[in-house]
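**Student:** This is the structure I have questions about; it appears just below.
Number of protein chains: 2
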Amino acid sequence: ESGALDQARRMLNRGLAPVDVAHLLESTPPKEREILWGLLDPELHGDVLQYLGDDVQLEFLNRMDAEQLLTATEGLDVDDLADLLQQLPNTVIQEVLQSMEAQERQRVEAVLSYPEDTAGGLMNPDAITIRPDITLDVVLRYLRRHERLPDATDTLLVVTRRDELIGILSINRLLVSDVSVLVREVMQTDFHAIQATASDSDVATLFQKHDLISAPVVGIDGKLLGRITIDDVVDVIREDAEHQVMSMAGLDEDEDTFAPALRTSRRRAVWLGINLIAATIVSIAIGFFEDTIQQIAALAVLMPIVSSMGGIAGSQTLTVLIRGIALGHVSGANVRWLLIRELLVGMTNGLIWAVVVGAMSVFRFDDIRLGEIIAMAMVINLTVATLAGTLIPVMLKKFKIDPALSGGVLLTTITDVVGFVAFLGLATAFYL
Amino acid sequence: ESGALDQARRMLNRGLAPVDVAHLLESTPPKEREILWGLLDPELHGDVLQYLGDDVQLEFLNRMDAEQLLTATEGLDVDDLADLLQQLPNTVIQEVLQSMEAQERQRVEAVLSYPEDTAGGLMNPDAITIRPDITLDVVLRYLRRHERLPDATDTLLVVTRRDELIGILSINRLLVSDVSVLVREVMQTDFHAIQATASDSDVATLFQKHDLISAPVVGIDGKLLGRITIDDVVDVIREDAEHQVMSMAGLDEDEDTFAPALRTSRRRAVWLGINLIAATIVSIAIGFFEDTIQQIAALAVLMPIVSSMGGIAGSQTLTVLIRGIALGHVSGANVRWLLIRELLVGMTNGLIWAVVVGAMSVFRFDDIRLGEIIAMAMVINLTVATLAGTLIPVMLKKFKIDPALSGGVLLTTITDVVGFVAFLGLATAFYL
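Laid out in structure tokens, this is it:
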């Protein structure tokens, strides 16, 4: 047994890269995870922590004191360190900051002063800056004085004496240009400078559009604050995507896959409660037709088909619209076109499947009127569904509500109510 | 009118970057899109085409002949060109290839020989290669002979005389090292070489794990074939994420937001048909209890609550599992733990919401037995839902079926059937 533990310890501390250790911890249920963490050398804690999802990260951070945190985070990049600190209570952050050297503290505080989801929160103050009036030869000699360059250094940032960013010099251009020319003569002046207050999604869009590897971040005064590198942008892109998928089920994208049962139950209960409100509204709508159902029970047998087909048609439209909004394809000018398109799609598919479902119902219950009624209800519900699928995300967006989170519940509530009321209402009108 | 067109033409051809023109085209309904495309200079077609989604890209590609294609694609990177060609019928590909210069044709054919979703399909043969036995000074002079270096060149690839990749030299190391040393002495030999047959998702994982900017691609014989750059990997990450969201609604991630109504209806109809089969199964299950419903219509009023809460609970579990599988957290070893956790979560939330729904039902219909029956059905359905949500993606994965596409339909069919049968079955047993 102790031999196996020794082997695990060796693997964790020497065999695996920190990113792989983090992945292993995230793939392990709580008890085993505890054991693995205990086997890990404390000086590796910080390296591993930075690769963990927020939920698991917090689990370990919460039981470290300021001194342990300081040991663990030594040698981390400033942006990664700031990410970790942002998770902690203010008092602990202050304690850790107090025990840092003045220069390092200032750099970390600069990043911490911006929210995590802004360019300022993503940036790293590790940029290499140069002056415009030196030759490339001097630049090359200056670089050679470094032990190593920061990761993803594809450009040098050209600043004035007062730290104002006036240009960038790509390393590639530095390597192919004549060494006797001045920086000013070869630097690019039409570069992408990111405002520190820009949102991380806007940063991601900019990087994707222009295939950037790094970009400088400036304050409102045009002074250089730091730079953002593609590896952090990739994390933003991945998290944004996960956010959409997870929030459609009312979940958090940082959720630990192996969270304990009690915590999981508590977190999921809220979403179930919200959906119970929706289901109750639907049930109340059906309640108005209790007498009709009492007389024709076949209605209760068929009614889930109408609501379910409406839900599917609506969620297809909703998904296309949410993506279109996220990609910036959908704007006020073309919503009208989309609305008409979806109206046509809803009616077309409504008619096609109305015929199928109507025929099936006539065959099953030997009742032509029932077939006509369900067919009409299908056309109504699929048309309303596609219209609702178009308008819900557009309106939610206008009120700055996340359509991925609340769009689905709103939509199915509408398609359920409309589906049941159309079907049962038509039945009440034509049968009784 | 003609003044406005002239202005639009100027903006398209000189004011906007090709990536922005592509975005504009994708944000425009068909007719206006047609007009904009007509205003675009033919030599810009290729630049713009490479930034379009597959669906819109194909729309324009389909009406170009081989000669137009050749003009349009002049100057494109080999990997981008191969991406475009892959969309076309084989005869057209051959025609375009025939009219290329021999060397360019060979390079494009090499990329085309690998499927689009592999490392070989992503790679670009534009790597800068050097020999191990030259000094860094010679390397620097060699680089200076280039007009420009390929984008995202963060490493030089060290190869033998027979093109076998034996090391990489990062530009950063080149810049800080003594120029008199040999490449062999400073090159890295523990680099990440990607097999040409590796899947694009594996490539994306590797880039994310190790914060890579570019990585070499080799054949089975260890010979260098090309390199993959982070900008193409970012596209893979984004497309993988979009695939998950879109396929949950039975849609394709390449779908044009502004596809015409008829094409949209046809594409969506298939998914509606599959869901109709599921809804029919559910309806047949309810049909067994027609007599019970005839006697107690309140059952029909309440039954959607049971099925809908089960569907929500199940889809929460399904979402967590699909993500866990995609991230590589879930494996055979820990599925058992997850199954037990989800069983506990399902029972806990089942009990909590059973009490609430039971009480609401007693209050609404003044019938204690009805409350007991719906509470029992809730516990059963939420427990089954979380178990199904765990097992469905694990099993689908085993059979190599995409869980994001078919998981949802399978799950709601199960939660609907179990929910209705449990509720109506218990009512039949205890009431009649």
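Each protein sequence line maps, in turn, to chains Z and R.
Read in order, the letters of the first sequence are residues 517 to 948 in our numbering.
Read in order, the letters of the second sequence are residues 517 to 948 in our numbering.
Glycine included, C-beta positions come from ideal geometry on N, C-alpha and C.
From the DSSP secondary-structure annotation, give me the bridge partner or partners of LEU685(R).
**Tutor:** Reading the second sequence from its first residue, position 169 is the one you call residue 685(R). For LEU685(R), which the question treats as bridged, DSSP gives the partners LEU672(R).
**Student:** Look up PRO732(R) in the DSSP assignment and say whether it is helix, strand or coil.
**Tutor:** Along the second sequence, read from residue 1 onward, the residue named residue 732(R) stands at position 216. Of the three classes helix, strand and coil, the one that applies to PRO732(R) here is strand, per DSSP.
**Student:** Three Cβ pairs or more, each shorter than 8 Å: is that satisfied between the segment 616 to 636 of chain Z and the segment 706 to 713 of chain Z?
**Tutor:** yes
**Student:** Which of the three DSSP states, helix, strand or coil, is assigned to ASN640(Z)?
**Tutor:** In the first sequence, residue 640(Z) corresponds to position 124, counting from 1. Strand, per DSSP.
**Student:** For chain R, is any of its Cβ atoms less than 8 Å away from the one on SER518(Z)?
**Tutor:** In the first sequence, counting from the first residue as 1, residue 518(Z) sits at position 2. With 8 Å as the cut-off, SER518(Z) does not count as an interface residue toward chain R.
**Student:** Buried or exposed for LEU948(Z), please, with buried defined as at least 16 other CB atoms from any protein chain shown within 10 angstroms of its CB.
**Tutor:** In the first sequence, residue 948(Z) corresponds to position 432, counting from 1. Per the 10 Å Cβ criterion, exposed.
**Student:** Below 8 Å between beta carbons: does that hold for PRO641(R) and VAL674(R)?
**Tutor:** The residue labelled residue 641(R) in the question sits at position 125 within the second sequence. The residue labelled residue 674(R) in the question sits at position 158 within the second sequence. No, the Cβ-Cβ distance between PRO641(R) and VAL674(R) is not below 8 Å.
**Student:** With C-beta atoms as the reference, is GLY562(R) less than 8 Å away from LEU601(R)?
**Tutor:** Translated into the one-based positions of the second sequence, residue 562(R) becomes position 46. Translated into the one-based positions of the second sequence, residue 601(R) becomes position 85. It is not a contact, given that the beta carbons lie outside the stated cut-off.
**Student:** Run through the DSSP bridge pairs and tell me what LEU698(Z) is partnered with.
**Tutor:** Mapped onto the first sequence, residue 698(Z) falls at position 182. THR651(Z).
**Student:** Run through the DSSP bridge pairs and tell me what ILE802(Z) is partnered with.
**Tutor:** Translated into positions along the first sequence, residue 802(Z) becomes position 286. In DSSP, ILE802(Z) forms no bridge with anything.
**Student:** Determine, using beta carbons only, whether ARG754(R) comes closer than 8 Å to chain Z.
**Tutor:** Within the second sequence, numbered from 1, the residue matching residue 754(R) stands at position 238. ARG754(R) counts as touching chain Z.
**Student:** Exposed or buried, GLU758(Z), counting other C-beta atoms within 10 Å across all chains shown (16 or more means buried)?
**Tutor:** For the purposes of this step, residue 758(Z) is identified with residue 242 of the first sequence, where counting begins at 1. Label assigned to GLU758(Z): buried.
**Student:** Can you have a look at ALA875(Z) and say buried or exposed, based on whether 16 or more other CB atoms are within 10 angstroms of its CB?
**Tutor:** Taking the first sequence and counting its residues from 1, one reaches residue 875(Z) at position 359. ALA875(Z) should be labelled exposed.
**Student:** Closest Cβ-Cβ distance between ALA785(Z) and chain R: below 8 Å?
**Tutor:** Translated into positions along the first sequence, residue 785(Z) becomes position 269. With 8 Å as the cut-off, ALA785(Z) counts as an interface residue toward chain R.
**Student:** Closer than 9 Å between beta carbons: that is the criterion. Which residues of the segment 724 to 743 of chain Z meet it against chain R?
**Tutor:** GLN724, LYS725, HIS726, ASP727, LEU728, ILE729
**Student:** Of all the residues that make up the segment 900 to 918 of chain Z, which are near chain R by a beta-carbon distance shorter than 7 Å?
**Tutor:** Going along the segment 900 to 918 of chain Z in chain order, one finds no residue with a Cβ nearer than 7 Å to chain R.
**Student:** Ignore the nearest five residues each way along the sequence and tell me which others in VAL927(Z)'s own chain have a CB closer than 7 Å to its CB.
**Tutor:** Against the first sequence, residue 927(Z) aligns to sequence position 411. Inspection of the sequence shows that residue 927(Z) is occupied by Leu rather than by Val. Hits under 7 Å: GLY830, SER831, LEU834, ALA904, GLY905, ILE908.
**Student:** Could you give the distance in angstroms between the alpha-carbon of LEU837(R) and the alpha-carbon of MET911(R)?
**Tutor:** By 1-based counting over the second sequence, the position of residue 837(R) is 321. By 1-based counting over the second sequence, the position of residue 911(R) is 395. In a straight line, the C-alpha of LEU837(R) is about 11 Å away from that of MET911(R).
**Student:** Let's see if you can read the secondary structure: which residues bound the beta strand (DSSP E) around LEU741(R)?
**Tutor:** Walking along the second sequence from the start, residue 741(R) turns up at place 225. 740 to 745 is the span of the beta strand (DSSP E), which, as asked, contains LEU741(R).
**Student:** Going by DSSP, what residues sit across from ILE710(Z) in a beta bridge?
**Tutor:** Position 194 of the first sequence, counting from 1, holds the residue named residue 710(Z). Here ILE710(Z) is bridged, per DSSP, to VAL733(Z).
**Student:** Using a Cβ cut-off of 8 Å, pull out every chain Z residue sitting near GLY844(R), in sequence order please.
**Tutor:** Position 328 of the second sequence, counting from 1, holds the residue named residue 844(R). Within 8 Å Cβ-Cβ: HIS539, SER543.
**Student:** Evaluate the contact criterion for the segment 611 to 631 of chain Z versus the segment 657 to 664 of chain R: three or more CB pairs, one atom per stretch, below 8 Å.
**Tutor:** no
**Student:** With which residues is GLU680(R) paired in a DSSP beta bridge?
**Tutor:** Looking up residue 680(R) in the second sequence gives position 164. GLU680(R) pairs with LYS739(R).
**Student:** Could you compute how far the alpha carbon of ALA794(Z) sits from the alpha carbon of ARG743(Z)?
**Tutor:** Your numbering for residue 794(Z) matches position 278 in the first sequence. Your numbering for residue 743(Z) matches position 227 in the first sequence. Answer to the nearest angstrom: the Cα atoms are 46 Å apart.
**Student:** Less than 8 Å between CB atoms is the rule here; does THR931(Z) satisfy it with respect to chain R?
**Tutor:** Along the first sequence, one-based indexing puts residue 931(Z) at 415. No, THR931(Z) does not count as interfacial toward chain R.
**Student:** From ASP980(Z) to ARG779(R), what does the alpha carbon distance come to, in whole angstroms?
**Tutor:** As displayed, chain Z neither begins before 517 nor continues past 948, which places residue 980(Z) out of reach and without an answer.
**Student:** By the DSSP assignment, the alpha helix (DSSP H) with GLY554(R) in it spans what residues?
**Tutor:** Here residue 554(R) corresponds to residue number 38 of the second sequence, with the count starting at 1. Per DSSP, GLY554(R) belongs to the alpha helix (DSSP H) from 546 to 555.
**Student:** Distance check for VAL925(Z) and ALA901(R), CA to CA, integer angstroms please.
**Tutor:** The residue given as residue 901(R) occupies position 385 in the second sequence. The residue given as residue 925(Z) occupies position 409 in the first sequence. About 18 Å.
**Student:** With a threshold of 16 other CB atoms inside 10 Å of the CB of PHE915(Z), please say whether the residue is buried or exposed.
**Tutor:** Stepping through the first sequence from its first residue, residue 915(Z) is reached at position 399. Exposed, because fewer than 16 other Cβ atoms sit within 10 Å of the Cβ of PHE915(Z).
**Student:** Can you find the residues in the same chain that come closer than 6 Å, C-beta to C-beta, to ASP772(R), ignoring five residues on each side of it along the sequence?
**Tutor:** Position 256 of the second sequence holds residue 772(R). Only ASP571, VAL572 meet the Cβ criterion.
**Student:** Looking at VAL761(R) and ARG839(Z), is the spacing between their C-beta atoms short of 8 Å?
**Tutor:** Taking the first residue of the first sequence as position 1, residue 839(Z) is located at position 323. Taking the first residue of the second sequence as position 1, residue 761(R) is located at position 245. Their beta carbons are under 8 Å apart, which means ARG839(Z) touches VAL761(R) by this criterion.
**Student:** Out of LEU565(R), SER715(R), ALA801(R), MET764(R), which one is the CA nearest neighbour of ASP536(R)?
**Tutor:** One-based indexing of the second sequence puts residue 536(R) at position 20. Per the Cα distances, LEU565(R).
**Student:** Using a C-beta to C-beta distance shorter than 8 Å, which residues of chain R count as neighbours of ASN640(Z)?
**Tutor:** On the first sequence, residue 640(Z) is found 124 positions in, with the first residue counted as 1. Within chain R, no C-beta atom comes nearer than 8 Å to that of ASN640(Z); the closest sits roughly 12 Å away.
**Student:** With a threshold of 8 Å between beta-carbons, can SER847(Z) be considered close to chain R, or not?
**Tutor:** What you label residue 847(Z) is simply residue 331 of the first sequence in a count that begins at 1. Yes, SER847(Z) counts as interfacial toward chain R.
**Student:** Give a yes or no on whether the minimum CB-CB distance between ILE890(Z) and chain R is below 8 Å.
**Tutor:** As a working note, residue 890(Z) is residue 374 in the first sequence. Chain R contact via Cβ: absent.
**Student:** For SER763(Z), is the classification buried or exposed, using 16 other Cβ atoms within 10 angstroms of its Cβ as the cut-off for buried?
**Tutor:** What you label residue 763(Z) is simply residue 247 of the first sequence in a count that begins at 1. Counting Cβ neighbours within 10 Å, SER763(Z) comes out buried, since at least 16 surround it.
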